[in-house]
Amino acid sequence: CFGMQMACIEAARNTAGIEEAGSTEFGPTKEPVVGLMTEWVKGNEKQERTEKTDLGGTMRLGAYPAHLVRGSRVADIYGTTEISERHRHRYEVNMAYRKVLEANGLLFSGESPDGELPEIVERTDHPWFIGVQFHPELKSRPFEPHPLFKSFIAAAIDQSRLV
Numbered sequence: 008c009f010g011m012q013m014a015c016i017e018a019a020r021n022t023a024g025i026e027e028a029g030s031t032e033f034g035p036t037k038e039p040v041v042g043l044m045t046e047w048v049k050g051n052e053k054q055e056r057t058e059k060t061d062l063g064g065t066m067r068l069g070a071y072p073a074h075l076v077r078g079s080r081v082a083d084i085y086g087t088t089e090i091s092e093r094h095r096h097r098y099e100v101n102m103a104y105r106k107v108l109e110a111n112g113l114l115f116s117g118e119s120p121d122g123e124l125p126e127i128v129e130r131t132d133h134p135w136f137i138g139v140q141f142h143p144e145l146k147s148r149p150f151e152p153h154p155l156f157k158s159f160i161a162a163a164i165d166q167s168r169l170v
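In my numbering, the protein residues as written are 8 to 170.
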């Protein structure tokens, strides 16, 4: 999950030109691309999330469903547009930045069924650039690796042939 969050901050800073993009996990920031799950702003209003709301409390923990964009790299990897993955995190990408990030090459290719929570981002102009909010390592086994890991290794092998 931290990798996806950092990828979104990097994209905000270096492709979207949001120089002060950051995460409230590191301290106050003028551009909270990543924030604690209770810090969301929807439109111009703060969205309150607690353990009593269906949007999650202070930690998102356990298995959650996600919808994948048809035709995206991750939908092709999974072979479906509906998945369930395991989570353990307190910070998420702020969806208020979605439009500007997508306009600058970062596709939000997976999200919660209600479209409120980001699950996966990818760059369509890269051989294999995928960031996830969940923990695929929790669904891997020694002789049955997670589909994302298998796909990543296959892409690395393909790219190694180019050097």
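Ideal placement from N, C-alpha and C gives every residue a C-beta, glycine not left out. From a predicted model like this one, the values you see are computed outputs, not experimental measurements.
Counted within 10 angstroms of its Cβ, other Cβ atoms place residue i as buried (16 or more) or exposed
i      : result
His133 : exposed
Arg77  : exposed
Arg168 : exposed
Ile84  : buried
Ile16  : buried
Gly29  : buried
Leu114 : buried
Ala163 : exposed
Ala161 : exposed
Own chain, CB closer than 8 Å to residue i, minus 5 neighbours either side, in chain order
i     : result
His94 : Cys8, Arg67, Leu68, Gly69, Ala70, Tyr71, Gln140, Phe141 and His142
Glu89 : Pro72, Ala73, His74 and Leu75
Ser91 : Ala70, Tyr71, Pro72 and Ala73
6 Å CB neighbourhood of residue i in its chain, flanking five on each side removed
i      : result
Glu126 : Ala73, Gly117, Glu118 and Gln140
Gly10  : Gly138
Ile25  : Ala19 and Glu38
Val107 : Ala23
Leu145 : Arg93
His153 : Pro143, Lys146 and Ser147
Residue i - partner residues in DSSP beta bridges
i      : result
Glu27  : Answer is none; Glu27 lacks a bridge partner.
Glu17  : Glu17 pairs with nothing; no bridge assigned.
Gly42  : Glu99
Glu151 : Arg148
Val170 : Note: Val170 sits in no beta bridge, so no partner.
Close-in-space but distant-in-sequence residues of the same chain around residue i (CB under 7 Å, 5 per side omitted)
i      : result
Phe156 : Pro143 and Ser147
Pro120 : Pro72 and His74
Leu124 : Glu99 and Glu118
- Hey, which unbroken runs of the alpha helix (DSSP H) at 4 residues or more fall wholly within the region 58-137? The alpha helix (DSSP H) runs of length 4 or more contained entirely in the region 58-137 are, from start to end of the chain, 80-85 and 105-110.
- Do the region 38-45 and the region 91-109 make contact, defined as three or more Cβ pairs closer than 8 Å? A contact between stretches requires three or more CB pairs, one per stretch, nearer than 8 Å, and the region 38-45 meets this requirement with the region 91-109.
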